[in-house]
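In this note's numbering, the protein residues as written are -15 to 215. The beta-carbon is built from N, C-alpha and C at its ideal position, and this holds for glycine as well. The model shown is predicted, which means the values in this text are computed figures rather than measured ones.
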Amino acid sequence: MSLVIKNVTKRFGSFTAVKNLSLTIPEGETFGFLGANGAGKTTTFRMILGLLDSTEGTITWNDEKITYDTSHVIGYLPEERGLYPKLKVKDQLVYLGRLRGMNKSDILKQMEEWLERFKVPEYANKKVEELSKGNQQKIQFIASVIHRPKLLILDEPFSGLDPVNVELLKEAVLSLKNDGTTIVFSSHRMDHVEELCENLCIMHHGQPVVHGNLKEIKRSFGKKNVIVHGE
Ligand code: ATP
């Protein structure tokens, strides 16, 4: 199983948001997309998810195009977070888990494990609006992994988080990687991706400018920490 992006271009009218992107992400790999605002990362993710059609080229997972029917194998943490502020965390996750075809007891079990791991077991009965932005982000992360997806897409998962929560989330990503999940994520910052991924793609104005092994890229840049765009 692998995620294969082949000669993908996305145009919005006369504007090209992604230009001729080709890469293969093998099963179990954690792959980073790095780039400043507007580089084309989110557009690429939306095409992987089947939310947007590519103008040219193809994207397949396990040799098949991802469609609505196969999207249950994917977990997605969107850049624009989308939780219901008035719902309790528990009710929110039960609702979202059910949409993924899970039964209630499995959802609650998964939820308890994740809340424990994030050291906030008491949040189950809190309303989303009572939580800080960082803690809402953790709940959104749980929502994206509760159905144990094979392919996980995380759009800027670390943005807006304090250093403690960045570490907690990195540990969570690493544990999913150890369980064999294929993970694709975006970031503005090299220091966020370097502990997590073997390979990455640096995008600029819709084009992959560098793509390959992280260690080799760092060697050729000659820097320890590359900040593509300061946050
Ligand atoms: P960010 O970190 O800001 O999310 P990004 O790398 O994810 O940046 P994209 O959101 O993919 O970048 O946007 C790439 C370019 O495509 C931007 O210039 C954006 O304005 C443009 N774009 C994205 N969606 C559309 C759309 N539906 N219609 C027109 N232009 C779009």
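Using 8 Å as the cut-off, can you tell me whether the segment 20 to 34 makes contact with the segment 194 to 201, which would need three or more C-beta pairs spanning the two stretches below that distance? no
Where Cys181 and Phe17 are concerned, what is the direct C-alpha to C-alpha distance, given to the nearest angstrom? Taking the sequence shown and counting its residues from 1, one reaches residue 181 at position 197. Taking the sequence shown and counting its residues from 1, one reaches residue 17 at position 33. One C-alpha to the other measures close to 10 Å.
Quick one: any contact between the segment 97 to 105 and the segment 51 to 64, if contact means 3 or more CB pairs under 8 Å? no
What does the Cβ neighbour count give for Thr14, buried or exposed, with the cut at 16 atoms within 10 Å? Residue mapping note: residue 14 aligns to position 30 of the sequence shown, counting from 1. When all chains shown are included, Thr14 counts as buried.
Could you tell me the distance, in whole angstroms, from the CA atom of Glu97 to the CA atom of Val(-8)? Residue 97 sits at position 113 when you count from the first residue of the sequence shown. Residue -8 sits at position 8 when you count from the first residue of the sequence shown. Spanning the two alpha carbons is a distance of roughly 38 Å.
Check: Gly24 C-beta below 7 Å from any heavy atom of ligand 1: Working through the sequence shown from its first residue, we reach residue 24 at position 40. True, at least one ligand heavy atom lies under 7 Å from that Cβ.
I want to check one thing, is the minimum distance from the CB of Gly19 to the heavy atoms of ligand 1 below 7 Å? What you label residue 19 is simply residue 35 of the sequence shown in a count that begins at 1. Checking the Cβ of Gly19 against ligand 1 gives yes.
What are the start and end residues of the beta strand (DSSP E) that includes Tyr60? As a working mapping, residue 60 is identified with position 76 in the sequence shown. Segment 58 to 61, the beta strand (DSSP E) holding Tyr60.
Member of Glu100, Gly22, Leu152 whose CA lies at the smallest distance from the CA of Gly118: If you number the sequence shown from 1, residue 118 lands on position 134. Cα-wise, what sits closest to Gly118 is Leu152.
Jot down the residue ranges of each uninterrupted alpha helix (DSSP H) in the segment 40 to 88, minimum 4 residues, whole runs only, in chain order. 73 to 83
Quick check on the burial criterion: 16 or more other C-beta atoms within 10 angstroms. Buried or exposed for Pro69? The residue given as residue 69 occupies position 85 in the sequence shown. Burial call: exposed.
Terminal residues of the beta strand (DSSP E) in which Lys(-6) lies: By 1-based counting over the sequence shown, the position of residue -6 is 10. That run of the beta strand (DSSP E) goes -14 to -4.
Would you call the segment 127 to 140 and the segment 107 to 116 in contact, with 3 or more CB pairs under 8 Å? no
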